[in-house]
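Heads up: the protein sequence lines correspond to chains A and F, in order.
Following numbering that gives the first Met the number 0, the numbering of the first sequence begins with 0 at its first residue and continues without gaps.
Following numbering that gives the first Met the number 0, the numbering of the second sequence begins with 0 at its first residue and continues without gaps.
All C-beta atoms in this analysis are idealised placements derived from N, C-alpha and C, irrespective of residue type, glycine included.
Bear in mind that the values here come from a model prediction, so they are computed numbers and not experimental data.
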Amino acid sequence: MATAAAHQTVSTQTYGAQGAAGDTAAYESAFDAAVAADERIEPRDWMPDAYRATLVRQIAQHAHSEIIGMQPEANWITRAPSLRRKAILMAKVQDEAGHGLYLYSAAETLGTGRDELLDKLHSGRQKYSSIFNYPTLTWADVGAIGWLVDGAAITNQVPLCRCSYGPYARAMVRICKEESFHQRQGYELLLALSKGTPEQHAMAQDAVDRWWWPSLMMFGPPDDESAHSAQSMAWKIKRHSNDELRQRFVDICVPQAESLGLTLPDPDLRWDEERGHHDFGPIDWTEFREVLKGNGPCNEQRITQRRRAHEEGAWVREAAAAYAAKHTGETGATRA
Amino acid sequence: MTAPETTAAPTPSPAPTAAALALGDDALVLSHRLGEWAGHAPVLEEEVALANIALDLLGQARLLLSMAGDEDDLAYLREERAFRNLQLVEQENGDFAHTIVRQLYFSTYQHLLYAELAAGAGPFAPLAAKAVKEVAYHRDHAEQWTLRLGDGTEESHERTRRACEALWRFTGEMFQPVEGVDVDWKGMEAAWLTSVGEVLRRATLTVPEGPRTGAWAAGAGRQGLHTESFGRMLAEMQHLHRSHPGASW
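Right under this line is the structure:
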């Protein structure tokens, strides 16, 4: 529901005189004006093809990450050490499926379908967050994922609540609320371990040691190597650079780690008075690229499980479709 | 319905404790089985639905076990022979049809049971009053899927038929009276047979003809006699908790 006159005109023109080549320049300038005025682009508005394609790619990847991201945590549902923790974890994994559904819906407003997107995930043509290619080896990993992985996701995603594409921005508002809750629960889980027995404390420290660097990689490559960044920022899909967000995350985590009584595995980490930020050590970008290429510890396992769930569920989806086809239109008539 | 009864302090007498364990174990064990589906469901909507049902059941289990003692001690430190759940709920998930038929059989029973408990004045009335609404949803979910699968494709019909047969022998146990649960067991069994029969008929399936209880193992979960896969389920569920005696989580 953009308000600028130029923007509304574009919507009208799109449906009025679609295809008139001479209008493209007018649409483009109206689109640019709407973005510059911080207005929301809505599904029926004209948008550049590349803007649409970038959003489909980003939203789909985000949706896929929610779905694949269920796996490392679901790995611990059946072994959660107390009923309270088990309930929290089940609720969280359920939320993630729900987030995936919101995001697929947002992607569908751009003219793609969920089936098509899932197909691209299963065939490796679309990606998901590299972080979910790491294994959850102990119960403490569930806490580290909540604190660090969800924390990094929130740092990335809160600015997306102001993203120029309306359906994505609105999905992010809902998702960020739930993610913040998960993040606090993860922190609280780690705190309980850190203040527990020596074995529990060691378990928590080990998990943080393994998840810290992969979490920093969640912000993507450094600014000078980030292919899509400049255009995404110009379109106001993205509001901050990868390195800015990564720095913000490090600055948030350092005091939290202290209050958890845990250390972060970086000997170069120290406060820089001049910059007003924490300096931190170099990220292993070779590892990052290998994981992105499919050579991380769990890439094969994650995608295989997802494909298997989909393939083994095919007969269920076929049954639902066959039943719907047989019974279409009779609900109103036969309902007692 | 008399004032002294409803205002009495909730000191659990031995019978409600045994009953709380039976009903609590049913919810705990079925919740665990449904939790195994996370990340494996046939459609995303079912990831949400199955987790949702699992969570409801886990909530019920926590309340019920807390009536009998410490919920975590009871869940994590009892041996297989001390669990009082029905054998039906410990059955492995199998395919989606198997899970759905298990849900149909159990949620129909649980809905009838909780509706009756909620209407009464016993120690389970407050809990049942809340849970009966959740369970009504579970029952609806199971019925809708039974219809879709039974009356869907040839394959889904066949899978569902097989599941109905395979699980049928565990259904008699549900109506063996539980000490301390004051309901009309015979009436409930009749209502269950009518309801499940009607759903199966609408799903173009037939009510299995085999026995509903068996010799030896079939139908003795309430006495702590379980089926073989239950021990492995407990091993997985209890391993971490038992590895850190006395720890808090």
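So what's residue i in DSSP terms, helix, strand or just coil?
i: Trp-45(A); result: coil
i: His-276(A); result: strand
i: Asp-265(A); result: coil
i: Trp-234(A); result: coil
i: Thr-13(A); result: Reliability fails at Thr-13(A), whose pLDDT of 46 lies under 50, so the model's placement of it is uncertain and the value that follows must be treated cautiously. Residue state, collapsed to three classes: helix.
i: Ile-66(A); result: helix
i: Glu-36(F); result: According to the sequence provided, residue 36(F) is Trp. The question's Glu does not apply to it. The answer is coil: DSSP assigns Trp-36(F) none of H, G, I, E or B.
i: Ile-302(A); result: helix
i: Ile-282(A); result: coil
i: Trp-270(A); result: strand
i: Ala-319(A); result: helix
i: Thr-1(F); result: In this prediction, Thr-1(F) has a pLDDT of 43, which is less than 50 and means its spatial position is unreliable; nothing more can be read from the coordinates.
i: Met-0(A); result: Model confidence at Met-0(A) stands at a pLDDT of 41, short of 50, so the residue's coordinates are unreliable and nothing is read from them.
i: Ala-229(A); result: helix
i: Pro-207(F); result: coil
i: Gly-328(A); result: coil
Let me confirm a value: residue i is counted as buried when at least 16 other C-beta atoms fall within 10 Å, else exposed. Which label applies?
i: Glu-227(F); result: exposed
i: Ala-234(F); result: exposed
i: Pro-42(A); result: exposed
i: Asp-24(F); result: buried
i: Ser-247(F); result: exposed
i: Ala-229(A); result: exposed
i: Gln-102(F); result: buried
i: Gln-222(F); result: exposed
i: Thr-98(F); result: buried
i: His-227(A); result: exposed
i: Pro-166(A); result: buried
i: Trp-336(A); result: Nothing about residue 336(A) can be reported from this structure: the residues present for chain A run from 0 to 335 only.
i: Glu-178(A); result: buried
i: Thr-333(A); result: In this prediction, Thr-333(A) has a pLDDT of 44, which is less than 50 and means its spatial position is unreliable; what the coordinates show is noted afterwards. Thr-333(A) should be labelled exposed.
i: Val-182(F); result: buried
i: Thr-1(F); result: Only weak support is given to the placement of Thr-1(F): the predicted model assigns it a pLDDT of 43, under 50, and the question is left unresolved by the model.
i: Glu-172(F); result: buried
i: Ala-81(F); result: exposed
What residue range does the alpha helix (DSSP H) around residue i cover?
i: Cys-163(F); result: 153 to 167
i: Arg-241(F); result: 227 to 242
i: Lys-129(F); result: 124 to 149
i: Ala-219(F); result: Neither: Ala-219(F) is in no alpha helix (DSSP H) and is coded neither H nor E.
i: Tyr-186(A); result: 165 to 193
i: Arg-61(F); result: 43 to 67
i: Thr-23(A); result: 23 to 35
i: Asn-294(A); result: Unbroken run through Asn-294(A): none, as it is neither H nor E.
i: Pro-213(A); result: 197 to 216
i: Phe-95(F); result: 95 to 118
i: Gly-196(F); result: 184 to 201
i: Glu-89(F); result: 86 to 89
i: Glu-79(F); result: Taken as a continuous stretch (DSSP letters only), Glu-79(F) belongs to no alpha helix (DSSP H), as it is neither H nor E.
i: Asp-181(F); result: Run containing Asp-181(F): none; DSSP gives neither H nor E here.
i: Asp-223(A); result: Premise fails: Asp-223(A) is in no alpha helix (DSSP H) and is neither H nor E.
i: Gly-150(A); result: 149 to 156
Would residue i pass as a contact of residue j if the rule is Cβ separation under 8 Å?
i: Gly-280(A); j: Leu-268(A); result: yes
i: Ala-49(A); j: Gly-142(A); result: no
i: Arg-238(A); j: Pro-158(A); result: yes
i: Trp-167(F); j: Thr-107(F); result: no
i: Trp-146(A); j: Gln-199(A); result: no
i: Asp-250(A); j: His-276(A); result: yes
i: Met-187(F); j: Leu-87(F); result: no
i: Ala-60(F); j: Ser-30(F); result: yes
i: Ile-67(A); j: Arg-305(A); result: yes
i: Leu-117(A); j: Ile-58(A); result: no
i: Gly-38(F); j: Ala-308(A); result: yes
i: Gln-93(A); j: Leu-54(F); result: yes
i: His-285(F); j: Thr-196(A); result: Past the boundaries of the shown model lies residue 285(F); chain F is included only from 0 to 248, so the question cannot be answered.
Is there a C-beta anywhere in chain B that falls below 8 Å from the one on residue i?
i: Arg-138(F); result: You won't find chain B in this structure, because its protein chains are A and F.
Subject >> Runs of alpha helix (DSSP H) lying entirely within the stretch 236 to 263 of chain A, each at least 4 residues, in chain order >> reply: Within the stretch 236 to 263 of chain A, the complete alpha helix (DSSP H) runs of at least 4 residues fall at 241 to 259.
**OP:** Note down, one range per segment and in chain order, each alpha helix (DSSP H) of at least 4 residues found wholly within the stretch 79 to 140 of chain A.
**Re:** The stretch 79 to 140 of chain A is shown to contain whole alpha helix (DSSP H) runs of 4 or more residues at 82 to 107, 113 to 121, in chain order.
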